[in-house]
Amino acid sequence: MTQDAFSEAPMLFDTDEAPAQPLPTGRLPSYIKDHRKRLRERFLSGGSAAMPDYELLELVLFRSIPRQDVKPLARALMDTFGDFNRVLTAPEERLCQIKGVGDSVITDLKILEACAHRMARARVMWRHVISGWDALLDYCHTTMAHRETEQFRVFYLDRKNVLIADEEQAKGTVDHVPVYPREVAKRALELNASALILVHNHPSGDPTPSQSDIDMTNRIQDACLALGLTLHDHLIIGKSNELSFRSEGYL
1 MTQDAFSEAP
11 MLFDTDEAPA
21 QPLPTGRLPS
31 YIKDHRKRLR
41 ERFLSGGSAA
51 MPDYELLELV
61 LFRSIPRQDV
71 KPLARALMDT
81 FGDFNRVLTA
91 PEERLCQIKG
101 VGDSVITDLK
111 ILEACAHRMA
121 RARVMWRHVI
131 SGWDALLDYC
141 HTTMAHRETE
151 QFRVFYLDRK
161 NVLIADEEQA
171 KGTVDHVPVY
181 PREVAKRALE
191 LNASALILVH
201 NHPSGDPTPS
211 QSDIDMTNRI
221 QDACLALGLT
231 LHDHLIIGKS
241 NELSFRSEGY
251 L
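In terms of full-length UniProt numbering, the sequence shown has 130 at position 130, counting the first letter as 1, and numbering is strictly consecutive.
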């Protein structure tokens with residue numbers, strides 16, 4: 001088998017550049033000619049720091065939609081969802097509402113989201129949680145900070161505080177997620193876990209706990225104490241920061 005057998009398959013056409021389409025005034029958009037080539041070169045030379053979010057999104061859309069001008073679609077996605085992270089984590093049903101978004105775009109965005117989650121997860125699974133606290137927070141923010149609905153997760157730890165399971169317990173609405181303390185504790189026994197950390201997000205972006213958050217945490221704490229389990233913390237993930245029940249004196 002020759003070396004070329006593993007090279008990238010050639011495009012159907014010589015280039016995937018968008019064809020120049022005149023504006024209503026008869027002028028061509030100044031960025032069209034060799035736009036994809038220039039953007040890729042800038043990314044390769046300077047990395048993601050060399051471009052704003054909408055241009056990074058354009059690079060993704062180049063793969064999804066060849067030979068079309070994707071700048072307007074990138075702008076529309078950014079205007080609708082606010083930032084690059086929220087575009088990747090947007091629900092499929094909302095992405096479908098954006099003109100120009102089809103199956104290819106949704107698939108590529110969700111592949112990127114899954115890759116980001118898996119990379120962040122690899123830094124915390126089967127690792128000592130307390131000594132790797134920053135990596136755990138990064139993982140929580142990557143997977144939860146930009147969600148539009150609440151999600152409740154539990155990290156289960158062994159006797160050495162090594163993370164042995166990361167499980168989503170429930171999903172909810174924009175301001176509520178149903179949690180069953182008995183199920184959380186029961187699952188800890190099934191996994192032979194000794195401790196756990198609760199995590200959920202606030203889609204509003206404000207990690208301040210509600211009274212229902214506090215009450216739910218107290219019920220889980222009671223269930224843990226009855227079974228000899230340790231509840232290390234409950235983290236609420238906001239858009240750009242988080243709140244620790246342990247640090248704030250709720251536990």
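We put the beta carbon where it would ideally sit given N, CA and C, even for glycine.
Q | Neighbour-count burial assignment, PRO207, 16 or more Cβ in a 10 Å radius | A | What you label residue 207 is simply residue 207 of the sequence shown in a count that begins at 1. With 16 or more Cβ atoms within 10 Å of its Cβ, PRO207 is classed as buried.
Q | Beta-carbon contacts of MET51 that lie in its chain and below 7 Å, excluding the five residues immediately before and after | A | As a position in the sequence shown, residue 51 is number 51, starting the count at 1. So the list reads ARG42 and PHE43, once near-sequence residues are dropped.
(Q) Cutting at 7 Å between CB atoms, please list the residues of its own chain near VAL179, excluding the five before and the five after it. (A) Counted from its first residue, the sequence shown places residue 179 at position 179. Closer than 7 Å at the Cβ level, and outside the excluded window around VAL179, lie PHE152, GLN169, ALA170 and MET216.
Q. Is the Cβ-Cβ distance between LEU251 and LEU227 less than 8 Å?
A. Counting from one through the sequence shown, the residue named residue 251 turns up at place 251. Counting from one through the sequence shown, the residue named residue 227 turns up at place 227. Cβ distance not < 8 Å, so LEU251 and LEU227 don't count as in contact.
**Q.** Backbone secondary structure at THR149 - three-state DSSP
**A.** Counting from one through the sequence shown, the residue named residue 149 turns up at place 149. THR149: coil per DSSP, three-state reduction.
**Q.** Segment limits, beta strand (DSSP E) that includes ALA195
**A.** Here residue 195 is taken as the residue at index 195 of the sequence shown, counted from 1. From DSSP, the beta strand (DSSP E) with ALA195 extends over 195 to 201.
Q: Tell me, please, which residues DSSP counts as bridged to ILE237.
A: Against the sequence shown, residue 237 aligns to sequence position 237. BP columns for ILE237 point to ASN201 and GLU242.
**Q.** Whole alpha helix (DSSP H) elements within the stretch 47 to 108, 4-residue minimum
**A.** 53 to 64, 71 to 81, 84 to 89 and 92 to 95
**Q.** Span of the alpha helix (DSSP H) around ILE220
**A.** Taking the first residue of the sequence shown as position 1, residue 220 is located at position 220. That run of the alpha helix (DSSP H) goes 211 to 227.
Q) In whole angstroms, what is the alpha-carbon distance linking CYS224 and GLY100? A) Here residue 224 is taken as the residue at index 224 of the sequence shown, counted from 1. Here residue 100 is taken as the residue at index 100 of the sequence shown, counted from 1. In a straight line, the C-alpha of CYS224 is about 50 Å away from that of GLY100.
Q) From SER247 to PHE155, what does the alpha carbon distance come to, in whole angstroms? A) Here residue 247 refers to the residue found at position 247 when the sequence shown is read from its first residue. Here residue 155 refers to the residue found at position 155 when the sequence shown is read from its first residue. Roughly 18 Å between the two C-alpha positions.
Q) Which same chain residues, not among the five before or five after PRO203, have their C-beta less than 7 Å away from its C-beta? A) As a first step, residue 203 is located in the sequence shown; it is residue number 203 there, counting from the start. Correct list, in chain order: ARG147, GLU148, THR149, GLU150 and VAL174.
Q: Figure out for me which residue from LEU198, SER212 and ASN241 has the closest Cα to the Cα of LEU231.
A: Locating residue 231 in the sequence shown gives position 231, where the first residue counts as 1. The option with the nearest alpha carbon to LEU231 is LEU198.
Q) Applying the criterion that 16 or more other CB atoms from any shown protein chain within 10 Å of the CB defines a buried residue, is LEU109 buried or exposed? A) Locating residue 109 in the sequence shown gives position 109, where the first residue counts as 1. Classification of LEU109: buried, given that the 10 Å Cβ count is 16 or more.
Q: Answer yes if the stretch 160 to 167 comes into contact with the stretch 116 to 136, meaning at least three C-beta pairs across the two stretches below 8 Å, and no otherwise.
A: yes
Q. GLU113 and LEU88: beta carbons closer than 8 Å?
A. As a first step, residue 113 must be located in the sequence shown, where it is residue number 113. As a first step, residue 88 must be located in the sequence shown, where it is residue number 88. Cβ atoms of GLU113 and LEU88: closer than 8 Å.
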